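Okay, structure first, notes after.
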Amino acid sequence: MEVLITLIIGVLTACGVYLALRARTFPVVLGLTLLSYAVNLFLFVTGRLTVGLPAVIAENSAGYADPLPQALVLTAIVISFAMTAFIIMLALKARAELGNDHVDGRPDPGAHS
Amino acid sequence: MNLLFVVLIPFVGAGLAAWVSRFGRLQSAWMAGGVAVAALLALSPSIAAPFLGETVIQRIPWLPGFGLDLMFRLDGLGLLFALMILGMGLLIILYARYYLAERDCMGRFYGYLLLFMGSMLGIVLSENLILLLMFWELTSLSSFLLISYWQHREDARTGARMALTVTGLGGVAMLGGFVLLGEIAGSYELSVILASGDLIRADPLYTPMLVLILLGALTKSAQFPFHFWLPHAMAAPTPVSAYLHSATLVKAGVFLLARLFPVLSGTVEWSILVMSAGLATLLLGAYFALFKHDLKGLLAYSTISHLGLITLLFGIGTPLAAVAGIFHIINHATFKASLFMAAGIIDHECGTRDMRRINGLWRYMPYTGTLAMVAAAAMAGVPLFNGFLSKEMFFAEAVDFSAGSPWRLFLPVAVLIAGMLAVAYSLRFIHDVFFNGDPIDLPKTPHEPPRWMKVPVEILVAVCLLVGILPAFTVAPLLYVAAVGVLQTTPPHYDLAIWHGINAALIMSLIALIGGILVYAGRQPLFRFAERLEGRIDAKAMYEQVLQGVLELAGAVTRTLDTGSLQRMILVFVLTALLLGTIGFLGGGAPLTGTRATLPVDAVSLLISMALILVAIWTLMLHRRRFTALIVMGALGLLVSLIFVKFSAPDLALTQLSVEVVTIVLLLLALYFLPQYSPAESSPARRIRDLVVAGLAGTGASLLTWSILTRPYDSIADFFLANSMPGGGGGNVVNVILVDFRGFDTLGEISVLALAGLGIYAMLRDLYLPGPVCDSRGHPWNWDVHPPIMAALTRLLLPLALLVSVFIFLRGHNLPGGGFIAGLITAVALIMQYLANGAEWTHNRMTSNLHPLIGAGLLIGTATGLVSMLLGYPFLTSAFTHVHWPLIGDFELASAIAFDLGVYLVVVGATLLILVHLGLMHNASHPAPADAPALPNHS
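Keeping their order, the protein sequence lines are chains A and B.
The working numbering puts the first sequence at residues -12 to 100.
The working numbering puts the second sequence at residues 53 to 991.
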């Protein structure tokens, strides 16, 4: 199971980094979203993998998953949403001010809309 | 405690003085005066202590773990300075009220002045070196504000910047010196340090520490070669110059020399460094003072010269010299402040400070002239004025120090020359201004200033005379306790009499007087000589060259690193992370795979994982077709939430699920305004490079995850699991951590969320983006009304969805759920209405002003924390009880629920704020089509 998680995090990171290196704002935002999936997953699994043992106190539970990374990731998910929202608004603002959606605000070379 | 208040009152008063200025010009002055008096009153209970031989030390625990307490100290030296700062401050406040013009903002002036006063008081009353340093930096900052008070003037800005740069750099050096000193002495408390002088002087780090501390002290006191900032600081309003350059800012440097005198002095290094700086400053300052045509310029250089004199005295290092140094600090403060004030009056009445134009003012303002003459006589060291007494002591010390040394004539001759120059420039200040013919082409006709503007000068001049004639009955007790404070022991015998019989010092004083008059009489050839030399040695030009060089270097570094390309910077960032990660992996030498047993793979997990990986890659491949890529990425988020389900994190799964919905809706809304396709811009080579970098980053992340996952670990989770029920009263440990154990973090996080929402709101205001006229395939944009079935259904679903969110909220403490998730569900339910019915329809039925919601959430969250503080517990401690309700059964009431409510409100408010305002932009982006049917308003 650990191999699968490892692969998932790796692929999400790679896709995220590649998209973040693109020249237009929208793919960069997608890339950052993928990266935040990867980071959230990574933080979550630092509590190691536990199957079927949620951190809800019960009388006869055999054990619990580590609640600490979960609590951290819960807020991280909400904050990543705020961050994504902020960046996409910046992208909109840049498009309004500069007339194109290049990440460096350069004039659009090929007319594509 | 009262010493803390002495320091704090001016800081609080600064705000008050600035605030009351809106009620009238004079209110600020009254308030500032009241603040200074209040600080004096706060000081008064401790004033007696130094005279009884006690040192007051007050400690307020602050950061005990770091050994840093708010510690204040009052001994004779601190008392002398505190009295000078407050007393002179009062006079300056009175004087400035008449000096400042109608258009100058009084509130800002007095606010800055009180800030500065508080910082100075902090320096002289600190017991802890670090605390002292903080106030030291505050004086640099507040003096910057004061010097640049006339912000519209270029010279004021330049002068302020120069003062800040020079004294700020000195402060940095001093920080280093203080850290060394503290480490050598084993404590940052002055009491300990002052008692361990021998230990400190014997330490091998003594010399670097001394150099660093002296850099701080000498830059502040404008000693050669750092003197050049002081004349440029004359661009400040004259009351500021009178305050900063008589009793306060520049005296902070000599205060430090005096403060650390018992610890640092008495070594060869001390003598060489301090004496040479002092002597050079004394001579250079006196020389330049004589040739300045600007009235304040003359005073500026004479200030530099007198500071050199004081520094030289401390450099000589004998107890008697230190006593003379303190005495001269007092005398210089009185006569220099009154001279500055007189110069300010002249400037005010004549409209210029050029001594080549101001002549013969005696006819116009004889009274001011008399006051200026007394002060100038004190500066020149004429008998019966206070400057004479300390200057005699100075001459005597110079002779004593040199007696028996091989170049025994050098020091006495040098100080004699400085004395003659002092007489000459004092004479020039009087003769050139008040006599010497008639005024030439003055902008105004001068006359005596308002009555009360002269009062501060009168008081200071009276002090000059009283101290000069009756030293034993006036200054002696204060000087004695200050000397005890400096030396930390009983000072040697000294005599404050005017007449000591005919001795070397008296003869030197007489020679200086006569010589000075002769120098002034023969000034014309000297002036011509000085004019030829002028500009040859220009410390300011050197400073500017250095500054220019530093700025160019910074510019070059920035240009190299910041090419203005985000792609390039992200690439550098990723590569750096890769490099550091590689070093970390290679350096450790530990095996990649740890010893922890892995879990077996089951078919469903394998399937989901494969799906997730494929969808991620698919998103990547599709990324140019933005709409499709976005939908595919939505699936990715859902799959991620399945991972949370699988690995025992129901709360995370719920959060991820609802966030995913909101995110995709948000990105869809935004995509409307953006191009639907990304052009293929990157060359194949570049794409391959990016793929390689991305692959490496992914591999790195995988390796890191793998090595973590296969290693056993020890978590602090047991604490939370054990204390969740008994301590937090909740069974859902994740939620209890969020609202209870780490409630403060959560408060911070919802603040970030609120800020992001407000930031976006601000960004979207007045933003206009044209909407597309056709869709991605070129079809004209469809203006169909919202589908009625969906509209009807979502309206029916709304109460149900809200009920679910309430349920999720209430059970959150014990079962998966809570404020974050419930807030997101509510937001989704409401956004559904917008989507199905249109923004306008929903808008008419629901408030669009979401700020109060966010504010209420933050307030509730903070108030919950404050209530527990009021009850005597740490911030955000939660309490809970079980209530038995009929029919419903046992129900738990926890204060954490209130906090969670705050979280809920902020999440709902911020999420809706973002989406609704983006949605509203759609309406503004295109005019409503004429042929579109009206939106159905009934259902």
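Glycine included, every Cβ here is placed at the ideal spot set by N, Cα and C.
This one's a predicted model, so the numbers in the text were calculated from it and none came from an experiment.
Cβ-heavy atom distance, residue i to the ligand PLP, below 7 Å
{"i": "Leu887(B)", "result": "The ligand content of the structure shown is nil, which means the ligand PLP is not present either."}
Chain B contact for residue i (CB, 8 Å cutoff)
{"i": "Glu46(A)", "result": "no"}
{"i": "Gly97(A)", "result": "Low per-residue confidence applies at Gly97(A): pLDDT is 46, beneath 50, and the placement is therefore not dependable enough to give any value."}
{"i": "Leu(-9)(A)", "result": "yes"}
{"i": "Ala83(A)", "result": "yes"}
{"i": "Ala25(A)", "result": "yes"}
{"i": "Leu28(A)", "result": "yes"}
{"i": "Gly86(A)", "result": "no"}
{"i": "Ala49(A)", "result": "no"}
Contact with chain A by residue i, beta-carbon distance below 8 Å
{"i": "Val745(B)", "result": "yes"}
{"i": "Val825(B)", "result": "no"}
{"i": "Asp983(B)", "result": "Because the pLDDT of Asp983(B) is 45, which lies under 50, any placement of that residue in the model is unreliable, and the number read from its coordinates should be weighed accordingly. Taking Cβ atoms only, chain A never reaches closer than 8 Å to Asp983(B), which makes this a no."}
{"i": "His675(B)", "result": "yes"}
{"i": "Ile812(B)", "result": "yes"}
{"i": "Asn784(B)", "result": "yes"}
{"i": "Glu801(B)", "result": "yes"}
{"i": "Ser930(B)", "result": "no"}
{"i": "Pro884(B)", "result": "One point to set straight first is that residue 884(B) is Met, not Pro, in the sequence displayed. Not one chain A Cβ lies under 8 Å of Met884(B)."}
{"i": "Arg829(B)", "result": "no"}
{"i": "Trp758(B)", "result": "yes"}
{"i": "Phe872(B)", "result": "yes"}
{"i": "Val624(B)", "result": "no"}
{"i": "Ala946(B)", "result": "no"}
{"i": "Pro727(B)", "result": "yes"}
{"i": "Gly616(B)", "result": "yes"}
{"i": "Met214(B)", "result": "no"}
{"i": "His384(B)", "result": "no"}
{"i": "Ala749(B)", "result": "yes"}
{"i": "Val880(B)", "result": "no"}
{"i": "Arg794(B)", "result": "yes"}
{"i": "Gln49(B)", "result": "The requested residue 49(B) is not part of the displayed model; chain B covers only 53 to 991."}
Integer Cβ distance of residue i from residue j, believed to fall under 8 Å
{"i": "Ile75(A)", "j": "Leu688(B)", "result": "Incorrect: roughly 17 Å between the Cβ atoms, too far for contact."}
{"i": "Leu674(B)", "j": "Leu723(B)", "result": "Not a contact, Cβ separation roughly 14 Å."}
{"i": "Pro314(B)", "j": "Gln540(B)", "result": "5 Å"}
{"i": "Phe379(B)", "j": "Leu531(B)", "result": "6 Å"}
{"i": "Ser767(B)", "j": "Asp53(A)", "result": "5 Å"}
{"i": "Ile660(B)", "j": "Leu694(B)", "result": "6 Å"}
{"i": "Pro479(B)", "j": "Gly568(B)", "result": "Per the sequence presented here, residue 479(B) reads as Leu, with Pro not at that position. About 6 Å separates the two Cβ atoms, so the contact holds."}
Contacts that residue i makes with chain D (C-beta to C-beta distance below 8 Å)
{"i": "Pro868(B)", "result": "Looking for chain D here will not work: the only protein chains present are A and B."}
Selection of the region 764 to 776 of chain B by Cβ proximity to chain A, strictly under 8 Å: Residues passing the 8 Å Cβ filter: Tyr765, Ser767, Ile768, Ala769, Phe772, Leu773, Ser776.
Segments assigned alpha helix (DSSP H), at least 4 residues, entirely inside the region 840 to 879 of chain B: 840 to 863
Which runs of the alpha helix (DSSP H), 4 residues or longer, sit entirely within the region 553 to 581 of chain B? List check, alpha helix (DSSP H) in window: 556 to 573.
For the region 689 to 717 of chain B, which residues have a beta carbon sitting closer than 8 Å to at least one beta carbon of chain A? Listed in sequence order: Gly689, Val692, Ile695, Phe696, Lys698, Phe699, Ser700, Ala701, Pro702, Asp703, Leu704, Thr707, Gln708, Val711, Val714, Thr715.
Should the region 471 to 478 of chain B be regarded as contacting the region 114 to 122 of chain B, the criterion being three or more beta carbon pairs within less than 8 Å? Under the Cβ criterion (8 Å, minimum of three pairs), the region 471 to 478 of chain B does not count as touching the region 114 to 122 of chain B.
Where the region 3 to 22 of chain A meets chain B: residues whose CB sits under 9 Å from a CB there: Listed by position along the chain: Gly3, Val4, Tyr5, Leu6, Ala7, Leu8, Arg9, Ala10, Arg11, Thr12, Phe13, Pro14, Val15, Val16, Leu17, Gly18, Thr20, Leu21.
Please specify which runs of the alpha helix (DSSP H), each continuous and at least 4 residues long, are wholly inside the region 668 to 742 of chain B, giving them in chain order. 678 to 698, 702 to 723
Across the region 359 to 376 of chain B and the region 324 to 337 of chain B, are there enough close Cβ pairs to call them in contact, namely three or more that are closer than 8 Å? The region 359 to 376 of chain B makes contact with the region 324 to 337 of chain B: 3 or more CB pairs, one atom from each, lie closer than 8 Å.
When you compare the region 69 to 85 of chain A with the region 0 to 20 of chain A, are there three or more beta-carbon pairs, one atom per stretch, that lie closer than 8 Å? yes
For the region 631 to 659 of chain B, which residues have a beta carbon sitting closer than 9 Å to at least one beta carbon of chain A? Arg648, Thr650, Leu651, Pro652, Val653, Asp654, Ser657, Leu658
Give the list of continuous beta strand (DSSP E) stretches no shorter than 3 residues that lie fully inside the region 609 to 646 of chain B. none
Under 7 Å, CB to CB, which of the residues in the region 53 to 69 of chain A have a partner in chain B? Asp53, Pro54, Leu55, Gln57, Ala58, Val60, Leu61, Thr62, Ile64, Val65, Ile66, Phe68, Ala69
Check distances from the C-beta atoms of the region 388 to 402 of chain B to those of chain A and list, in chain order, the residues that come in under 8 Å. Listed by position, the residues of the region 388 to 402 of chain B near chain A (Cβ gap below 8 Å) amount to none.
Inspect the CB distances between the region 125 to 139 of chain B and the region 264 to 271 of chain B and report whether three or more fall short of 8 Å. no
Counting only Cβ-Cβ distances shorter than 9 Å, please list the residues of the region 953 to 982 of chain B near chain A, keeping chain order. Against chain A - using a Cβ distance shorter than 9 Å - the residues of the region 953 to 982 of chain B are Val959, Ala962, Thr963, Ile966, Leu967, Leu970, Met973.
My parser needs the alpha helix (DSSP H) runs of 4 or more residues fully inside the region 439 to 520 of chain B; what are they? 462 to 486
In chain order, which alpha helix (DSSP H) runs of at least 4 residues are fully inside the region 297 to 375 of chain B? Qualifying alpha helix (DSSP H) stretches, in chain order: 301 to 311, 313 to 316, 320 to 343, 347 to 368.
4-residue-minimum alpha helix (DSSP H) runs that sit fully inside the region 62 to 137 of chain B, ordered along the chain: Segments of the alpha helix (DSSP H) lying fully in the region 62 to 137 of chain B: 77 to 103.
Please name the residues in the region 97 to 114 of chain B whose beta-carbon is closer than 9 Å to at least one beta-carbon of chain A, in chain order. So nothing in the stretch comes that close.
With a cut-off of 8 Å, do at least 3 Cβ pairs link the region 870 to 877 of chain B to the region 943 to 963 of chain B? yes
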